[in-house]
Structures are given as structure tokens and as C-alpha cells.
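Asks: The following block contains the structure, expressed as C-alpha cells.
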């Protein structure tokens with residue numbers, strides 16, 4: 000492209016240099032215009048090819064993205080799997096809360112029981128202990144619910160990973176919206192770190208050591 | 008200073024089950040006068056209405072956290088001397104340091120047992 004342009008500009012320069020008259024004739028103007036048009040045509044042709052290639056690359060990229068987004072199954076995740084996982088987690092919270100309350104009610108009843116009549120007391124203990132055993136069955140069901148949530152998370156992780164690789168994603172600093180930013184700011188300011196995994200946080204002994212330093 | 012088992016205790020936690028657990032544990036170790044609040048602001052209101060011998064508070068609550076409650080209590084001339092124990096799942100070193108700096112009397116990491124609760128109450132009252 001650069002070579003073609005140079006040739007045309009040189010021709011235009013030579014033509015202009017050869018002109019000695021103050022007022023160019025119509026024929027000279029037309030000649031100059033023809034040279035300029037020729038120059039622009041060459042430039043545009045060259046640009047068209049480049050633009051076409053770029054547009055074709057973009058179209059190819061968009062087509063790939065459409066395929067990757069399709070593989071992501073966004074609608075399935077958004078409308079089915081993520082809400083289902085949320086419902087499972089709600090059910091886990093409810094089940095653990097119900098079980099804890101049942102266990103505590105029965106334990107409280109045992110603590111308050113009258114021990115004067117041993118036969119009645121024994122029957123009462125058996126009854127409440129049986130209810131505590133029954134309440135503990137929540138663990139099996141919640142375990143299965145947790146497994147379903149983990150499966151959904153693994154599915155999301157795999158798809159996000161593939162998508163990130165396909166688009167060669169780079170993380171952008173910041174937050175999705177103001178609400179997310181406000182929550183993060185509050186958590187940072189008020190040190191809301193949440194429970195730590197085993198070995199990550201300090202245990203009671205370490206806390207006690209920190210308080211005995213005084 | 009020995010522990011007065013008749014003193015009113017304020018338990019602050021947004022999780023009703025945890026309040027129930029702490030209430031039962033306190034009962035087991037001899038404390039019957041227990042009030043409850045679901046967050047720091049409710050606790051602060053109750054503390055301004057009634058004099059408590061001890062506050063046992065969770066950290067992570069909304070709208071006012073236990074950490075904010077602690078700082079409010081320590082900044083309030085009338086409440087500043089109230090013994091304050093943090094009972095929380097927040098177990099990062101920075102949390103313990105911040106609470107200590109803010110004037111907490113003791114710190115219990117969840118989950119905990121009756122013996123730990125008793126020993127920290129005893130420690131606060133110098134027993």
C-alpha cells in the first residue's frame with residue numbers, strides 16, 4: 000500500500016512542479032484530480048482488504064463466542080441449576096435448624112425432668128433420646144443436598160474455566176454494582192472475614208495466648 | 008472481683024439457636040438472668056435501659072456488628088466499664104487483635120463448650 004501511494008504522490012509532485020503558470024488550466028486541474036483519485040483508489044483498495052480481514056476475524060471471533068456461550072448453557076444455569084442450588088441450601092439451613100431445635104427441646108426436657116419417680120423418668124429419657132436420634136437423621140439428607148450443590152458448583156467452575164480460556168479473559172478490578180462494592184467495603188471495614196478453614200484461623204489456645212500477653 | 012451469679016447477662020446473636028445454646032450453657036454454669044438481642048443496635052438500646060453485669064456478643068450481625076457494639080460501649084461513659092466477651096466464628100488474628108484493641112475482655116472462638124465459656128467468664132471477673 001505504501002509503495003503505491005508513494006508512486007502516485009511522486010507523480011502528483013512532478014506534475015505540480017512542471018506547472019509554471021499562475022492559473023492552472025481546466026485540463027491541468029482534471030489531470031491533478033485524476034492522479035489524486037488514482038492515489039485514493041489504491042489506498043481504499045488496500046484499506047478494504049485490511050478491513051475485510053479484520054471484520055472477518057471479528058465475525059469468526061463472535062461466532063466462536065456464540066458457540067462458547069452456548070456451551071456455557073447460561074439459561075440452564077440461570078433459570079434452573081443456580082435457583083435449584085439456592086433451594087437446596089435453604090433446605091439445608093432449615094433442616095439443620097429444625098434438627099438443632101428438636102435436639103435442644105428434648106435435651107431441655109431431660110434437664111428439667113423430675114427424677115423422683117425412676118420408672119417415669121426412665122420412660123421419659125427413652126422417649127426424648129429416641130427423638131434426638133431421629134432428629135440426627137437430618138445429616139444424611141443434608142449430605143445428599145450438599146452433594147447436589149457441590150455438583151452445580153463444579154459444573155459452573157468447569158464452564159467458567161472453559162469460557163475464560165476461550166475469551167482469554169483478564170480480570171478487571173472493581174465491583175459488579177454499588178451493592179457489591181458497599182458489601183465489600185463494609186466487610187473490610189468491620190473485619191467480617193467469616194469462619195476460617197481448619198488451620199487457617201487462630202484456635203482458642205492461640206487466642207488465650209494473645210490475651211495472656213497482658 | 009468474684010463472679011456474681013445473679014448478675015443480668017445480655018447475649019447478642021442474630022442466630023436464635025446460638026442464643027438458645029448460650030442461654031442453656033449459662034444456665035448449666037449457674038447464670039439464670041439472661042436477656043437477648045439480635046444485633047448490636049438492639050443490644051445498645053437494652054444496655055441503655057438496664058444495667059448488665061456482662062455482655063456476650065457475636066461479631067457478624069446486621070445492621071450493627073458486635074465489633075461496632077463493643078466500640079460504642081467503650082465510648083459510652085455510662086457503659087464503658089461493662090465486661091464484654093466476644094463469642095464468634097471470626098478467627099483471624101486481625102479480628103482478635105482488633106477486638107482486644109477495642110477493649111474486649113475476652114474472646115471465644117466458635118464452636119465452644121460450657122467449660123470454655125465458664126473459664127472465660129471466670130477470667131473476666133478475676134476468679
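Protein chains in written order, with the working numbering: chain A, 0 to 213; chain B, 8 to 134.
For each residue, glycine too, the CB sits at the ideal point set by N, CA and C.
(1) Nearest to residue 45/B by alpha carbon, out of 37/B, 117/B, 65/B and 105/B?
(2) Strictly under 8 Å for the Cβ-Cβ distance: is residue 44/B near chain A by that measure?
(3) Compare the Cα-Cα distances from residue 69/A to each of 41/A, 171/A and 162/A and report the closest residue.
(4) Please report the distance separating the alpha-carbon of residue 89/B from that of residue 175/A.
(5) Starting from the beta carbon of residue 103/B, find every residue of chain A whose beta carbon is closer than 7 Å, and list them in chain order.
(6) What are the partner residues of residue 140/B, as DSSP defines its beta bridges?
(7) Run down chain A in chain order and give the residues with a C-beta less than 8 Å from the C-beta of residue 107/B.
(8) Would you list the one or two residues that DSSP bridges to residue 97/B?
(9) With a Cβ-Cβ cutoff of 8 Å, do residue 103/B and residue 149/A count as a contact?
(10) What residues of chain B sit near residue 187/A, judged by a beta carbon separation below 9 Å?
(11) Taking a Cβ distance cut-off of 7 Å, strictly less, list which residues of the region 14-25 of chain B are near chain A, in chain order.
(12) In the structure shown, what three-state DSSP assignment does residue 27/B receive?
(13) Taking any Cβ of chain B, which residues in the region 87-99 of chain A have a Cβ under 8 Å from it, in chain order?
(14) Going by alpha carbons, who is nearest to residue 75/B out of 60/B, 85/B, 91/B and 61/B?
(15) In chain order, what residues of the same chain have a beta carbon less than 8 Å from the beta carbon of residue 19/B, not counting five sequence neighbours either side?
(16) Quick check: the Cα distance between residue 127/B and residue 194/A, rounded to an integer number of angstroms?
(17) With DSSP collapsed to three states, give me the class of residue 61/B.
(18) Could you please give the first and the last residue of the uninterrupted alpha helix (DSSP H) stretch that includes residue 36/B?
(19) Check the DSSP bridge columns for residue 116/B and list the partner residues they point to.
(20) Near residue 114/A, what residues of its chain come up, given a Cβ to Cβ distance below 6 Å and the 5 sequence neighbours on each side ignored?
(21) Could you compute how far the alpha carbon of residue 97/B sits from the alpha carbon of residue 106/B?
(22) Step through the CB atoms of chain B and report whether any lies within less than 8 Å of the CB of residue 190/A.
(23) My output table needs one value for residue 143/A: the three-state DSSP class, helix, strand or coil.
(24) Would you mind stating whether residue 129/B and residue 10/B have Cβ atoms separated by less than 8 Å?
Replies: So, to answer that:
(1) As a first step, residue 45/B must be located in the second chain, where it is residue number 38. For residue 45/B, the closest of 37/B, 117/B, 65/B and 105/B by C-alpha to C-alpha distance is 65/B.
(2) Along the second chain, one-based indexing puts residue 44/B at 37. False, the Cβ-Cβ gap to chain A never drops below 8 Å.
(3) Your numbering for residue 69/A matches position 70 in the first chain. Of 41/A, 171/A and 162/A, the residue nearest in Cα terms is 162/A.
(4) Locating residue 89/B in the second chain gives position 82, counting from the first residue. Locating residue 175/A in the first chain gives position 176, counting from the first residue. For residue 89/B and residue 175/A, the distance between alpha carbons rounds to 42 Å.
(5) As a working mapping, residue 103/B is identified with position 96 in the second chain. Per Cβ cutoff of 7 Å: 201, 206 and 209.
(6) No statement about residue 140/B is possible, as the shown extent of chain B runs from 8 to 134 and does not include it.
(7) The residue given as residue 107/B occupies position 100 in the second chain. Chain A residues near residue 107/B: 209 and 210.
(8) For the purposes of this step, residue 97/B is taken as residue 90 along the second chain, with counting starting at 1. Looking at the DSSP assignment, residue 97/B forms a beta bridge with 194/A.
(9) Taking the first residue of the second chain as position 1, residue 103/B is located at position 96. Taking the first residue of the first chain as position 1, residue 149/A is located at position 150. Their beta carbons are not under 8 Å apart, which means residue 103/B does not touch residue 149/A by this criterion.
(10) Indexing the first chain from 1 puts residue 187/A at position 188. Result: empty, since nearest Cβ-Cβ is about 11 Å, beyond 9 Å.
(11) 24
(12) Numbered from 1 along the second chain, position 20 holds the residue referred to as residue 27/B. The three-state secondary structure of residue 27/B, taken from DSSP, is helix.
(13) Residues 96 and 99.
(14) Start at 1 with the first residue of the second chain, and residue 75/B comes out as number 68. Checked all of 60/B, 85/B, 91/B and 61/B; the closest Cα to residue 75/B is 91/B.
(15) The residue you call residue 19/B lines up with position 12 of the second chain. If we look at residue 19/B and ignore the five residues flanking it on each side, its Cβ neighbours are 43, 44, 45, 46, 47, 49, 50, 62, 63, 64, 65, 68, 73 and 76.
(16) Start at 1 with the first residue of the second chain, and residue 127/B comes out as number 120. Start at 1 with the first residue of the first chain, and residue 194/A comes out as number 195. C-alpha separation (whole angstroms): 21 Å.
(17) Mapped onto the second chain, residue 61/B falls at position 54. Residue state, collapsed to three classes: strand.
(18) Here residue 36/B is taken as the residue at index 29 of the second chain, counted from 1. Unbroken run through residue 36/B: none, as it is neither H nor E.
(19) The residue labelled residue 116/B in the question sits at position 109 within the second chain. Note: residue 116/B sits in a beta bridge opposite 95/B.
(20) Indexing the first chain from 1 puts residue 114/A at position 115. Hits under 6 Å: 120.
(21) Counted from its first residue, the second chain places residue 97/B at position 90. Counted from its first residue, the second chain places residue 106/B at position 99. If you take the alpha carbons of residue 97/B and residue 106/B, they lie about 11 Å apart.
(22) For the purposes of this step, residue 190/A is identified with residue 191 of the first chain, where counting begins at 1. At least one chain B Cβ lies under 8 Å of residue 190/A.
(23) Along the first chain, one-based indexing puts residue 143/A at 144. If DSSP states are grouped into helix, strand and coil, residue 143/A belongs with the helices.
(24) Residue mapping note: residue 129/B aligns to position 122 of the second chain, counting from 1. Residue mapping note: residue 10/B aligns to position 3 of the second chain, counting from 1. Cβ atoms of residue 129/B and residue 10/B: closer than 8 Å.
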